[in-house]
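Residue numbers (the numbering used here): 1065 to 1563.
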């Protein structure tokens, strides 16, 4: 049997004083490789077939180590970096992925090396205090004078936790069959434009199958205040109880912001809790030009923010912010070994669904202390301005149709020149996206808007200009035209094909 000392002597691998120099060498090696890739990469992806990628990964024997970290990094370079999807490139236009603040990347290396867990104060000390300071700053930006919050793994977790707290507050003091009966009456009110995590949260929380009541939107996808009022009256007449209204500050597809001022007024008059999902639109909080779009957010009870979207942070960096810090007590759970109820230390686990939790707040802290909030705001303004230019260009294009307005940085469009039927244009959306994805030079997304398939851009690179994006769109249009010609040649009579 191998002794403990023999195991440790065989191959030291745990970071500590004896491996400090090796750590520095490995980090430098990784940095050199990544820097080289950044200098060389000019497309978001490669044209390597998916089957080839699968075969390369599954050919690796994980039972047989390579022997040292440098060899493993070389393999990562060849296997992953050579085939990664690069969000900083001009051709990446697809999803809510952003190029990241360089200072936050440096902070990532620090928090990974120290391996702090910010669930309890005794495991993190200054880590807990820095997170609480960052939360205090964010809460002030939202407009919560004495708000509180906690970092989460992402917008989905933030939304789930916000609605979990809302449920616990709504059912406070109830147990057994009384609690079950009251839970059956609970409903959420949201639009069809809300993030799918809202419906998922309802299911996770054990609410009824029809617990998500859909509120109508206007033509641009914003929640209709009149419909909200009507739905609240209907819910009341049905003898059901509104758990919360969920408004959106930056819908995933359209990038529009609900009228938070009007919605919060309606919620206040009805005595209903308001949660704002600002995962996408949180960057507006530091915008110099567009902060007014989220006026009224300060009247919400809870807010979701994804800093790894419009604060340009590495994944993951998200937070749930609440107006009243006492609300966290509704979801707290105490363990004698970790966070006893009588502890006098600031234990963040009292506010989190997670126990072990990364010190992700350090990335935003370092960004605020280096880049600064004003520059983040200018970057947000840049992508919003860029998107408006692209919208105008698409609206003038003879072959492209602009399908929806936006407040943020999405572009919904399709290729449909005069004479091309709706059905043909519908069919081309998925084909165009797939063709572009196989080539790897331009990546776009697809979605469905009002029952029609749509191509979608999400512009989150403030260093792009409109000319670059429009050049990519010309290639998208050319790809669509080529695919359409092929489709028509397969369906046209022989004499037409010969002509």
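Backbone N, C-alpha and C define an ideal beta-carbon position, used for all residues, glycine too.
### Task
Spell out the partners DSSP gives residue 1422 in its beta bridges.
1181
### Task
Could you say which of 1151, 1168 and 1228 lies nearest to residue 1161 if we only look at CA atoms?
1151
### Query
Start and end of the alpha helix (DSSP H) containing residue 1382?
Taken as a continuous stretch (DSSP letters only), residue 1382 belongs to no alpha helix (DSSP H), being part of the beta strand (DSSP E) at 1382 to 1386.
### Message
Rounded to the nearest angstrom, what separates residue 1557 and residue 1158 at their Cα positions?
### Response
For residue 1557, the predicted model reports a pLDDT of 48, less than 50, meaning its position is unreliable; a value from the coordinates is still stated below. Taking the straight line from one Cα to the other gives about 37 Å.
### Task
Output the distance between the C-alpha atoms of residue 1092 and residue 1173, rounded to the nearest integer angstrom.
11 Å
### Cross-strand partners of residue 1158 (DSSP beta bridge)
In the DSSP output, where bridge partners are listed per residue, residue 1158 has none listed.
### Task
Assign residue 1199 to one of two classes, buried (16 or more other C-beta atoms within 10 Å of its C-beta) or exposed (fewer than that).
buried
#### Entry: Beta-bridge partners of residue 1287, as assigned by DSSP
1281
### Query
My guess is that residue 1385 and residue 1324 are in contact by the Cβ rule of under 8 Å, so how many angstroms apart are they, rounded?
The Cβ separation is near 14 Å, so there is no contact.
### Query
Where residue 1119 and residue 1143 are concerned, what is the direct C-alpha to C-alpha distance, given to the nearest angstrom?
11 Å
### Query
Would the stretch 1300 to 1311 and the stretch 1331 to 1347 be scored as touching if the rule is three or more Cβ pairs under 8 Å?
yes
### Query
Near residue 1473, what residues of its chain come up, given a Cβ to Cβ distance below 7 Å and the 5 sequence neighbours on each side ignored?
1319, 1447, 1448, 1451, 1522, 1523 and 1524
### Task
Using DSSP bridges, identify the partner residues of residue 1465.
1478
### Task
Starting from residue 1496, follow the alpha helix (DSSP H) in both directions and report where the run begins and ends.
1486 to 1503
### Query
Sorted by chain position, which residues of the same chain lie with C-beta nearer than 6 Å to residue 1429's C-beta, five sequence neighbours on each side aside?
1194 and 1198
### Task
Report yes if the C-beta distance between residue 1363 and residue 1328 is below 8 Å; otherwise report no.
yes
#### Entry: Straight-line Cα distance separating residue 1210 from residue 1204
8 Å
### Message
If contacts are defined as beta-carbon pairs under 8 Å, then residue 1164 and residue 1378 qualify, I think. What distance do you get, rounded to the angstrom?
### Response
5 Å
### Message
Check whether the stretch 1407 to 1417 and the stretch 1241 to 1254 touch, using three or more Cβ-Cβ pairs below 8 Å as the test.
### Response
no
### Message
Less than 8 Å between the beta carbons of residue 1268 and residue 1224, yes or no?
### Response
yes
### Query
Terminal residues of the continuous beta strand (DSSP E) containing residue 1358?
Run containing residue 1358: none; DSSP gives neither H nor E here.
### residue 1262 to residue 1315 span [Cα, whole Å]
12 Å
### Task
For my contact list, residue 1183 and residue 1413 are in at a C-beta cut-off of 8 Å; report their separation, rounded to the angstrom.
4 Å
### Query
In angstroms, rounded to a whole number, what distance separates the CA positions of residue 1240 and residue 1396?
19 Å
### Task
Report yes if the CB atom of residue 1492 is closer than 8 Å to the CB atom of residue 1548, and no otherwise.
yes
### Query
Do the stretch 1493 to 1507 and the stretch 1339 to 1351 meet, that is, are 3 or more Cβ pairs less than 8 Å apart?
no
### Residue from 1116, 1133, 1287 and 1409 with nearest C-alpha to residue 1089
1133
### Query
Between which two residues does the alpha helix (DSSP H) containing residue 1164 stretch?
No alpha helix (DSSP H) holds residue 1164; DSSP gives it neither H nor E.
### Same chain, Cβ closer than 8 Å to residue 1513, neighbours up to 5 away in sequence not counted
1317, 1318, 1467, 1468 and 1476
### Task
State the Cα-Cα distance for the pair residue 1100 and residue 1122, rounded to the nearest angstrom.
26 Å
### Query
For residue 1423, which residues from the same chain have a beta carbon less than 6 Å from its beta carbon, with the 5 sequence-adjacent residues on both sides left out?
1175, 1180, 1182 and 1191
### Identity of the residues DSSP links to residue 1314 by a beta bridge
DSSP lists no partner for residue 1314.
### residue 1230 beta carbon less than 8 Å from that of residue 1427
no
### Query
For residue 1365 versus residue 1390, is the C-beta distance shorter than 8 Å?
no
### Task
Drop a sphere of 10 angstroms on the beta-carbon of residue 1502, count the other beta-carbons inside from all chains shown, and report buried for 16 or more, exposed for fewer.
exposed
#### Entry: CA nearest to the CA of residue 1219, picked from 1312, 1127, 1078 and 1519
1312
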